[in-house]
Amino acid sequence: MDVLGIIPARYASTRFPGKPLTDINGKTMIRRVYEQASAAGLAEVIVATDDERILSHVLDFGGKAVMTGEHHQSGTDRCFEAYKLNNKPYEYIINIQGDEPFIKPEQIDLVASCFKRPNTQLATLVKKITTEEELFNVNAPKVVLSTSGDALYFSRQPIPYCRNVPQDIWHKQHAYYKHIGIYGYRADILEQITQLPPSALELAESLEQLRWLENGFKITTALTEFETIGIDSPEDLQRVMNNL
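Per the working numbering, the sequence shown starts with residue 198, numbered consecutively.
As C-alpha cells, then:
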C-alpha cells in the first residue's frame, strides 16, 4: 500500500514552547521522530508545521516539510491540510505524533496493516494495561473494544466498572487497554472528519476521537506490545534524558 506519513509539529506549545526543536542527545525531537517514521514502510514522510524555524530545520537535515496554518485545533486538521498541500494522491495517511521521538517503526507499520482489513475507515493502536497506576491515570486514555477489535469508546476513566471487585485488582479481573495516540485515516474519511464540529463527548473527555465515534465512524485497533514515550513538558524530557 502507498501510505503517507505526516508528523504535525507546532512551535507554540503552552507547556513546552519550541518542543520540536529541543535537543535529545545531539538530535532534535522532530528529527528523531522523522527518522523513526522514515524507517517504517511508508511511501513518504513529511512534517506539517506552522513555524518557519521548524520548516527550515527539517529541510536542513534533508527531510520533507510543508507550512500549514496556525489556526488548526488538532493534529488531524493539520494533517489534512498537509495532505492537500502535498499534491500527491494517497489512499491512506498516518498521523505520527511529533512528541514521541522513540516511536518504533513497527508500530507505524502495524497501523498501516489495519487498512488491509475490509472497510477500515480509521485505525489506531492499543496496549494492554498491566498496573493499577496506569489504569487510574486520567492522562492515559483507555479504550473499550468490541469483539472484532473496533473501538467502542475512549475515556480517561476505567471502563467498565468492575462491580464487587476491589479496584486494586480490576486490571487482573478484566482486560483493559490503553490508547496509543497514533492515527491512520483513509483519505476520504480524513476529509469528512475534519468537517465535523466538536461533539459533546469530545468536549466532556477532551478526546478528539470521540467526535468520530459519536458521528458514526468506525475506528479499527491493533494491539501493540511496545510502550510509547510522549514528551509534553520539560519535566517529561528530563525523565527521558535520565533514562537514556
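We put the CB at the ideal spot given by N, CA and C, even for glycine.
Among the residues of its own chain, which have a CB less than 6 Å from the CB of residue i, if the five just before and after it don't count?
{"i": "Glu-288", "result": "Ala-384"}
{"i": "Cys-359", "result": "Trp-367, Gln-370, His-371"}
{"i": "Val-230", "result": "Ile-204, Gly-295, Pro-298"}
{"i": "Asp-450", "result": "Not covered by the structure: residue 450. The range shown for the chain is 198 to 441."}
{"i": "Ser-396", "result": "Arg-408, Glu-411"}
Measuring from the CB of residue i, is there a heavy atom of the ligand FAD at a distance below 7 Å?
{"i": "Val-244", "result": "Looking for the ligand FAD in the displayed structure turns up nothing, as the structure carries no ligands at all."}
Excluding sequence positions up to five away, which residues of its chain have a Cβ less than 7 Å from the Cβ of residue i?
{"i": "Val-263", "result": "Ile-243, Ala-245, Ala-279, Leu-282, Asn-283"}
{"i": "Phe-414", "result": "Gln-318, Leu-319, Ile-386, Ile-390"}
{"i": "Asp-429", "result": "Arg-212, Phe-213, Asp-296"}
{"i": "Cys-311", "result": "Thr-317, Ala-320, Gly-381, Thr-417, Ala-419"}
Determine the closest residue to residue i out of the options, with distance taken between C-alpha atoms.
{"i": "Asp-220", "options": "Leu-434, Glu-241, Asn-440", "result": "Leu-434"}
{"i": "Ser-352", "options": "Ser-343, Gly-346, His-376", "result": "His-376"}
{"i": "Thr-327", "options": "Arg-207, Tyr-373, Asn-440, Pro-315", "result": "Tyr-373"}
{"i": "Asp-306", "options": "Tyr-208, Met-438, Tyr-380, Glu-388", "result": "Tyr-380"}
{"i": "Leu-322", "options": "Arg-275, Asp-274, Tyr-382, Phe-277", "result": "Tyr-382"}
{"i": "Glu-402", "options": "Ile-416, Asn-336, Met-438", "result": "Asn-336"}
Would you tell me roughly how many angstroms separate the C-alpha atoms of residue i and residue j, rounded to the nearest one?
{"i": "Glu-405", "j": "His-268", "result": "16 Å"}
{"i": "Thr-418", "j": "Asn-292", "result": "14 Å"}
{"i": "Phe-258", "j": "Leu-319", "result": "31 Å"}
{"i": "Ala-309", "j": "Gln-270", "result": "25 Å"}
{"i": "Ile-290", "j": "Thr-317", "result": "13 Å"}
{"i": "Glu-330", "j": "Gly-202", "result": "32 Å"}
{"i": "Asp-347", "j": "Asn-334", "result": "23 Å"}
{"i": "Pro-214", "j": "Ala-237", "result": "28 Å"}
{"i": "Leu-342", "j": "Arg-207", "result": "31 Å"}
{"i": "Pro-431", "j": "Asn-222", "result": "15 Å"}
{"i": "Ala-240", "j": "Ile-426", "result": "25 Å"}
{"i": "Arg-314", "j": "Met-198", "result": "12 Å"}
By Cβ distance below 8 Å, which residues in the same chain neighbour residue i in space, the five residues on each side in sequence not counted?
{"i": "Glu-422", "result": "Lys-324"}
{"i": "Lys-339", "result": "Ile-326, Leu-332, Phe-351, Ser-352, Arg-353, Gln-354, Pro-355, Ile-356, Tyr-373, Tyr-374, Lys-375, His-376"}
Since residue i sits in a beta bridge, which residues does DSSP pair it with?
{"i": "Ile-293", "result": "Per DSSP, none; premise fails for Ile-293."}
{"i": "Ala-236", "result": "Note: Ala-236 sits in no beta bridge, so no partner."}
{"i": "Ala-419", "result": "Leu-322"}
Every unbroken beta strand (DSSP E) within the stretch 314-398, with a cutoff of 3 residues, ordered by chain: For the beta strand (DSSP E) assignment, the uninterrupted runs of no fewer than 3 residues enclosed by the stretch 314-398 are, from N- to C-terminal side, 319-325, 339-342, 348-352, 374-383.
Going along the chain, which unbroken runs of the alpha helix (DSSP H) with 4 or more residues stay wholly within the stretch 198-253? Within the stretch 198-253, the complete alpha helix (DSSP H) runs of at least 4 residues fall at 226-235.
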